[in-house]
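Numbering (my numbering), first residue to last: 132 to 256. Taking it in order: structure first as structure tokens, then the write-up.
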Amino acid sequence: MSSGQLPPEIQEKVQKMQQLQQKAENVSMQKQRSEGRLDQVDDALDELEEAEEDTNVFRNFGDVIIQKEGPSEVVDELEEEKEDLELRVKTLEKQEEKITEKLQNLQQEVQQAMGGMGGGMQDAG
132 MSSGQLPPEI
142 QEKVQKMQQL
152 QQKAENVSMQ
162 KQRSEGRLDQ
172 VDDALDELEE
182 AEEDTNVFRN
192 FGDVIIQKEG
202 PSEVVDELEE
212 EKEDLELRVK
222 TLEKQEEKIT
232 EKLQNLQQEV
242 QQAMGGMGGG
252 MQDAG
């Protein structure tokens, strides 16, 4: 084996680390989007708290804007969306933690294997 070539098991672990890093980036972006939407929902709820019940309220659904019966109807919808978003953010945070833990473990395994290449496999125990 040439000195520049890594053993297959180490190459496999490095490849797995790269995949996990990509997954971590994807989860982070999803979390940022969810947190951004959560901020928007909070802002909308703050505005609706100050609105009179007879105020005309409209809700945007894609390309369509629909008039609602009043602020309370939209508040109910936004509160439900807020709960869903908070749950999503918590789930994504847990995924981030698990991915980070796996990455750290793999990195440690690769470092140990690389260290063991010099003088045979060292006892990790």
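Even glycine gets a Cβ: it sits at the ideal position worked out from N, Cα and C.
Check, Outcome
"Is the number of C-beta pairs between the segment 235 to 247 and the segment 166 to 175 that are closer than 8 Å three or more?", "no"
"CA-CA distance, residue 180 and residue 160?", "30 Å"
"Only counting the same chain, and skipping five residues up and downstream in sequence, which positions put a Cβ closer than 6 Å to that of residue 244?", "141"
"Closest by CA to residue 186, which one among 193, 219, 203?", "203"
"What span of residues does the beta strand (DSSP E) with residue 191 cover, start to end?", "188 to 192"
"Give me, in chain order, the residues of the same chain whose beta-carbon lies closer than 6 Å to that of residue 157; leave out the 5 immediate sequence neighbours on both sides.", "none"
"With DSSP as the reference, label residue 136 as helix, strand or coil.", "coil"
"Do residue 189 and residue 199 count as a contact pair if the criterion is CB distance below 8 Å?", "yes"
"What does a CB cutoff of less than 8 Å around residue 165 pick up in its chain, not counting 5 residues either side in sequence?", "216, 219, 220, 223"
"Starting from residue 248, trace the alpha helix (DSSP H) both ways and give me its first and last residue.", "Taken as a continuous stretch (DSSP letters only), residue 248 belongs to no alpha helix (DSSP H), as it is neither H nor E."
"With burial defined as no fewer than 16 other Cβ atoms inside 10 Å of the residue's Cβ, what is the status of residue 205: buried or exposed?", "buried"
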